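Residue numbers (mature numbering (1 follows the signal peptide of the UniProt record, and there is no 0)): -23 to -1, 1 to 656.
Cβ atoms here follow ideal geometry from the backbone N, Cα and C, with glycine treated the same way.
Keep in mind that this is a model prediction, so the values were computed, not measured.
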C-alpha cells in the first residue's frame, strides 16, 4: 500500500509539473502573448492595426520595459459581429494570452465581456465608447479611450451655449447608439433642454430610400438642430441624402459625434475633401490629445509608413498607448513576482466528451486579478497625453475639440505690394508670398495644435500698391476669410474684422531740411516777439531781485556793469559758432495751415487720415509709389512740382531713411497705431 501511495503521488506531481511547464514554456522562452480583436476592414480598424504593430515594435526595442522579454500580439478579426467576436474571444481563452486589446465595437464588447469575467482575462478597449459598459458589471473591462458620457456632455454644452432648447437625434439603433442617446438625453435634461424627436437607424445595410424616409420625417418636425450619432457607413449616407433634400442649407444645424472626425482624419486628403462636399458647416467633435514632440514624431513616422494614403486618427493614438499600457502593466506584474500560469475551469470539466465544442479547453488566467490591478495603477505619458485611471476605472482629463467642417482651405488675402517689399511680396510666377508679415503669420500657424489649411490669394494689379481699406472690407463681404500684410489698425477699419497686432508703429511726417547760417544774430531766431518781451520782463525782474538780495554779501555782484554782462553774452556763443539744421515744418499743424503739397504712400491709410482726420484738402495730397519717388519729390520741393513733406507709417519711413537717398530728415510724430493681420 505504501509503495502504491508513493507511486500515485509521484504521478500526480509529475502531471502538475507537466501542466505548469506547459503553461510556463512560452514565458521561459522570453515571450508574452497578448491578443487584439477588432474589425480589420473598418475606419478605426485599419488605423489601429498599424498603430498596434508599431507599438509592439517600439516596446520590444525598448530595454527598459519587460527586461528583454518580447511582447507578441495575435490579431483577430471580429468583422463587426458580436457572434464572430465571441468565437474569436473563446479561441484566445484556449491559448496562453494574458490580455486582449479590444474589442473595437461596443456591441461586440457586450457579448464577450461575460467570458472575460469568468476567465479573468483583462480586455483593454481603445474604441468601445458605450457609457453602459460599467466596470462594476464587467470588472475585467478597461476602457483606454473616453466614454460617450463625456462626449454627450460636450454636445449638451454646445446646445446650451447657443441657446437651443430642443434637438433631434438620429442614432444607430444598437447598444452603441441607444446608450449614447440615453447619455445625451440626461445631459440635456440637466441643462433644461430636451430631445424632441428620436430617429433610429436599423443596423445593417440601408438603401438611400430608407434613409430618405427617415429624414423626411425629421424635416417635418419643428426643431432644426440635429445630432447624428452613427457609424461612418450610415452617417455618410445620411449626409448625402440630407444634402439632396436641402437639409444642409441655412436654417439647419448639424452636430456629428466623433465617428465623423475619426473617418475624416483617417482618410486621404483627396478622399476627405470629397466626403466633406456634402457636409459644409457641420460641427464635429473629436477627442482632444495634447500636442507633444513625441506625437509629432510619430505622425511623421506614420506618414512615412502609409505614404499619405491613410491618416492617423485619435483612435489610432489610443490603440498605440494601449499596447504600452499593457506592456508597463505586465512589467510591473512580473517585477512583483507574478506568475503567468493557467488552470482549467472545474465547471467545464464535466462537459468533456459531451460536446464537440471542447469548452473544457478554456483556461483561467491565474494572474488575472494581479495584472488587472497593475493595469489600473499604471501611469505614464503617451501619445494621447497623461495616461491615468480614476476610481471609476476611466481615463482622467476628458476633453473634446469642436471642429467646423469647411471643405475648402481658408482663403487669405495678401496685398501685391510694389514698394517696401521687405514686408510682403509675391514670389514671381506663383501665388506664394514672402516677407516679414508672411514669416510672422507662418510661425503663428505652426504653433497651433491643429492643422489650418490655407491658401494665399493675391490682391492688387501689381503696378501700384492696392488700397488696404478696400482689402480689409472684402472680409465682410465674404471674399476673403482673412487678410495678412502690413495693415495699419485704424478706426475706419476696426469694424471689418478681428485684428491681431504684430508690432507697434508710429505715423510720422518727413520733409526736406536745409542748413541755417550762423550769423551774428542767430541767437535771435528761436524767439518770437512775444517771447522776447516776456523773456526781457522776467530777466529784468529776476535780475533786480537777485541783485538786491546778493549785492551786500556777494562780491560777484559788486563790480562794474561791463564785467557782469560777460556771463550773459557767453550763453549765446554756441548759437553763433555751431551749424544748425532747420525745417520750416514744425509738425502736422504746420502742414495743415500751409498750402504746400504733401506726399503719401499709394494704398496707405494716410490719405484718409490727412483728408478726413486732419482736414487737409485732397488737392494738396500727392500719391507716391516708391522710396525713389519719395526722394525725388522731396528734392524738388513744392516750388518745383515736388512735395514739402511725406506722411507715412514709421516702418516705411525707417526703411526709406535706411536707403542711400542722400535725404536729410526731419521727424514729427503724429499718432501711434498698430500693424497686424485681420480676419
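Would you grab the beta carbon distance between residue i and residue j for me? Rounded to a whole angstrom, and I think it's under 8 Å.
i, j, result
"residue 107", "residue 152", "6 Å"
"residue 394", "residue 442", "6 Å"
"residue 373", "residue 101", "Contact flag wrong, Cβ pair sits at about 16 Å."
"residue 369", "residue 112", "6 Å"
"residue 620", "residue 576", "4 Å"
"residue 99", "residue 66", "No, residue 99 and residue 66 are not in contact; Cβ-Cβ is about 12 Å, not under 8 Å."
"residue 579", "residue 602", "5 Å"
"residue 225", "residue 255", "7 Å"
Between residue i and residue j, what straight-line distance do the alpha-carbon atoms span, to the nearest angstrom?
i, j, result
"residue 262", "residue 187", "27 Å"
"residue 662", "residue 432", "Nothing in the structure corresponds to residue 662, since the chain is present only between -23 and 656."
"residue 376", "residue 266", "8 Å"
"residue 671", "residue 212", "What is shown of the chain runs -23 to 656, which leaves residue 671 out entirely."
"residue 81", "residue 208", "12 Å"
"residue 166", "residue 149", "21 Å"
"residue 293", "residue 455", "37 Å"
"residue 403", "residue 434", "10 Å"
"residue 217", "residue 381", "18 Å"
"residue 234", "residue 291", "13 Å"
"residue 115", "residue 345", "14 Å"
"residue 54", "residue 128", "27 Å"
"residue 354", "residue 451", "56 Å"
"residue 301", "residue 163", "35 Å"
"residue 481", "residue 429", "Residue placement at residue 481 is flagged as unreliable, the pLDDT there being 49, under the threshold of 50; the coordinate-derived value follows with that caveat. Near 27 Å, if we compare the C-alpha coordinates of residue 429 and residue 481."
"residue 387", "residue 410", "16 Å"
"residue 189", "residue 122", "33 Å"
"residue 62", "residue 406", "58 Å"
"residue 616", "residue 574", "10 Å"
"residue 571", "residue 436", "36 Å"
"residue 321", "residue 93", "14 Å"
"residue 277", "residue 264", "20 Å"
Spell out the partners DSSP gives residue i in its beta bridges.
i, result
"residue 197", "Answer is none; residue 197 lacks a bridge partner."
"residue 622", "575"
"residue 569", "DSSP lists no partner for residue 569."
"residue 51", "12"
"residue 359", "362"
"residue 342", "319"
"residue 74", "10"
"residue 264", "377"
"residue 403", "410"
If you follow the beta strand (DSSP E) that residue i is part of, which residue opens it and which one closes it?
i, result
"residue 209", "No beta strand (DSSP E) holds residue 209; the alpha helix (DSSP H) holding it covers 209 to 221."
"residue 102", "100 to 102"
"residue 433", "431 to 436"
"residue 364", "362 to 364"
"residue 21", "Residue 21 -> not in any beta strand (DSSP E); alpha helix (DSSP H) instead, spanning 20 to 37."
"residue 388", "387 to 392"
"residue 148", "143 to 149"
"residue 175", "171 to 178"
"residue 367", "Residue 367 -> no beta strand (DSSP E), and no H or E assigned at all."
Do residue j and residue i have their beta-carbon atoms positioned less than 8 Å apart in this structure?
i, j, result
"residue 341", "residue 319", "yes"
"residue 105", "residue 297", "no"
"residue 118", "residue 86", "yes"
"residue 607", "residue 582", "no"
"residue 195", "residue 203", "yes"
"residue 463", "residue 401", "yes"
"residue 171", "residue 137", "no"
"residue 242", "residue 288", "yes"
"residue 132", "residue 161", "yes"
"residue 201", "residue 174", "no"
"residue 45", "residue 7", "yes"
"residue 10", "residue 73", "yes"
"residue 56", "residue 88", "no"
"residue 584", "residue 598", "yes"
"residue 71", "residue 339", "yes"
"residue 286", "residue 351", "no"
"residue 14", "residue 303", "no"
Name the two residues that bound the continuous alpha helix (DSSP H) containing residue i.
i, result
"residue 249", "246 to 252"
"residue 87", "83 to 96"
"residue 293", "291 to 312"
"residue 68", "59 to 69"
"residue 115", "First-last for residue 115: undefined, no H or E at that position."
"residue 660", "Nothing in the structure corresponds to residue 660, since the chain is present only between -23 and 656."
"residue 723", "Past the edges of the chain, shown from -23 to 656, lies residue 723, and the structure says nothing about it."
"residue 157", "152 to 166"
"residue 43", "From DSSP, residue 43 is part of no alpha helix (DSSP H); its letter is neither H nor E."
Beta-carbon of residue i versus every beta-carbon of chain C: anything under 8 Å?
i, result
"residue 244", "Reference to chain C is not applicable here, since this structure consists of a single protein chain."
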